[in-house]
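Below you'll find the structure, written out as structure tokens, and then a few comments.
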Ligand code: SF4
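In this note's numbering, the protein residues as written are 448 to 516.
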């Protein structure tokens with residue numbers, strides 16, 4: 448399983464922040480949890496459905512540059 452698949456929706460959500468512990472464990476902190484108690488601070492992964500999911504816009508460095516004109 449890839450890292451993105453292991454995180455589910457959190458893998459590309461604007462509210463997700465990857466945290467690495469002092470022992471090297473990685474987990475996701477959900478920044479929506481700061482303002483909305485419906486969201487756990489450290490969601491159980493993989494998150495397969497989430498009302499707060501907001502996908503990150505494509506990275507312009509890797510996005511396709513196809514023209515529509
Ligand atoms: S809003 Fe949902 S998908 Fe986004 S980081 Fe929080 S738990 Fe993950």
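Glycine residues also receive a C-beta, built at the ideal position from the N, C-alpha and C atoms.
As the structure is a computational prediction, the values presented were derived from the model and not from experiment.
Apart from sequence neighbours up to five positions away, the residues of its chain that approach residue 492 with a beta-carbon distance below 7 Å are 453, 454, 455, 457 and 475, ordered along the chain.
Partner residues in the beta bridge of residue 463, as assigned by DSSP, are 477. Shown here for residue 490: same chain residues with a beta carbon closer than 7 Å to its own, the five before and five after excluded, namely 457, 475 and 477 in chain order. Minimum Cα-Cα distance from residue 502 among the listed residues 484, 462, 448 and 450 corresponds to 462.
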